[in-house]
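Residue numbers (this note's numbering): 1 to 562.
Ideal placement from N, C-alpha and C gives every residue a C-beta, glycine not left out.
Note that the structure is a prediction, hence the values are computed from the model and not measured.
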């Protein structure tokens, strides 16, 4: 009698896919649902803590209230980004303190940072410029701490699908500006010119969301994460979550249409909140779907097709894995010293610096760009919403490598990263050479392209850092990577502010609320041209990064199949 044939993990996974899905026992349903509430809580945190993206909505009022030049206003944005240079501290904090403690520490920093700025812009207190810079830095640091909390929640609770979880959660950071714009219009009215309410919302909303997210955050990670069936079920739920996120993205674009919701900010805002709450129902709907499907298959044969062929693994590949197990390679855990000695890290750093960071600085200057081209305050806020919505869409697209991995295995995550940088130089050259007749339309097109590109970069960067330099070190390594943001903000912001003030001094100016405003396309022409050339450099670096890391992704894919 022949001994029974051993079924490998790959064969077991194939068998599970052939069999009809079975719903989990009812007594474990609440545990299954609570696990997904962790992801929903992370989505809420990200959706309301991307407060740096609405800076351009209130920057003009801040400039006139404080009576500062464009260069000094840009230094305030730099100070906010400079807080991210200390973002690595959140990685160490998460290692020594409980996650809820880090969450509320971030909320407290945001409350103080934005709250004091609101008191200043509302003329409640008179603050020196240096203290405002400190508050901006504190607010920027709070964003990094919030991000680290979300990264850790995704990695701990969805280990097998952490890339899908990270891409989905980080994508919601892109809608913060749109949500805060809707909140501002709901409270102050759509035609209100006052923008100090933005700072008040920035200080209070993240704290309120942190309180609401506390119960899910306290959930312990599941001990059955490696279960093949559960991993397959998770992937299906992630698909539904991404579809809902896409619906949310297009819903937020309604202000640019002539719908009733576009003319009613209150109902529009309530609809957005509903879309953020609805994911809580998805795990229950998935359970009902599996229960019904199992009923239909109840009388079917109990046999399933199983691929009993042994996976063909080359012996040389096995030997290489054993020989290199003691060598730190790309994909292994990297300490800070190892990280900075990697050529791939610096290619990655420059590509991010000349790609996503330029997009962030562009969004910070969007209010002044629109003002220099003769756009009204309401049009500037519409541009902020447009940038936010397309940034959200770009972040959603960052999950494409996880869904197309088998069909497009030659196009790794770094390959998608390279493709995502293409729209940025195109957009800046469009802005630099746009004719006056189509200036408004081209400004919207370019803003959408930059938002799409930078959004993809911001979201994909977390997964790339995890893939190349270690999953467990992502909290520290990701914050080391984004030190390029304050550097880029200072460099690009100083350059843009200097060109702006120079053109204003040459007579291309007007005075608005005792503040000098540069008027005309020349105010940012040199800036757009320079940013476009630098973004080409970023694209070139990303191409080299893709070439150097293709083998790494193929090795990681091979190890996952073993």
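- For residue 63, the enclosing alpha helix (DSSP H) covers residues 55–66.
- Annotated as proximal: residue 129 and residue 68, with beta-carbon spacing under 8 Å.
- By the beta-carbon neighbour count (other beta carbons within 10 angstroms, threshold 16), residue 55 is buried.
- Under the criterion of beta carbons closer than 8 Å, residue 200 and residue 141 do not qualify as touching, at roughly 20 Å.
- When DSSP states are grouped into helix, strand and coil, residue 402 belongs to the helix group.
- Going by DSSP, residue 171 is part of the alpha helix (DSSP H) stretching over 162–171.
- Its chain contains 432 as the residues whose beta carbon lies nearer than 7 Å to that of residue 525, once the 5 sequence neighbours on both sides are disregarded; these appear in chain order.
- If you ignore the 5 residues before and after residue 362, its C-beta comes within less than 7 Å of the C-beta of 450, all in its own chain and listed in chain order.
- DSSP places residue 132 inside the alpha helix (DSSP H), whose first and last residues are 129–157.
- For residue 209, DSSP assigns no beta-bridge partner whatsoever.
- In the same chain as residue 535, and ignoring 5 residues on each side of it, the C-beta atoms closer than 8 Å to its own belong to 354, 355, 358, 421, 424, 425 and 428, in chain order.
- For the pair residue 473 and residue 334, the CB atoms are nearer than the 8 Å cut-off.
- Of the other Cβ atoms in all chains shown, fewer than 16 fall within 10 Å of the Cβ of residue 126; this residue is therefore exposed.
- In this structure, residue 494 places its C-beta atom within 8 Å of the C-beta atom of residue 71.
- For residue 341, no alpha helix (DSSP H) encloses it, and the DSSP letter there is neither H nor E.
- In the displayed model, residue 97 falls within coil according to three-state DSSP, outside both helix and strand.
- Between the beta-carbon of residue 396 and that of residue 245 there is about 5 Å, and that keeps the pair under the 8 Å contact cut.
- Put simply, of 283, 417 and 441 the residue whose alpha carbon is nearest the alpha carbon of residue 457 is 417.
- With contacts defined by Cβ atoms closer than 8 Å, residue 205 and residue 197 do not form a contacting pair.
- In this structure, DSSP gives residue 483 a state outside helix and strand, which the three-state scheme calls coil.
- In summary, residue 52 is buried, with 16 or more beta-carbon neighbours lying within 10 Å of its beta-carbon over all protein chains present.
- Residue 373 sits away from residue 447, with the two beta carbons spaced by 8 Å or more.
- Exclusion of the five residues before and after residue 65 leaves 121 as the residues of its chain whose Cβ lies within less than 6 Å of its Cβ.
- In this structure, residue 146 places its C-beta atom within 8 Å of the C-beta atom of residue 49.
- Going by DSSP, residue 82 is part of the alpha helix (DSSP H) stretching over 70–82.
- Rounded to the nearest whole angstrom, the CA to CA distance from residue 124 to residue 139 is 19 Å.
- Nearest C-alpha to residue 174 among 463, 36, 386 and 37: 386.
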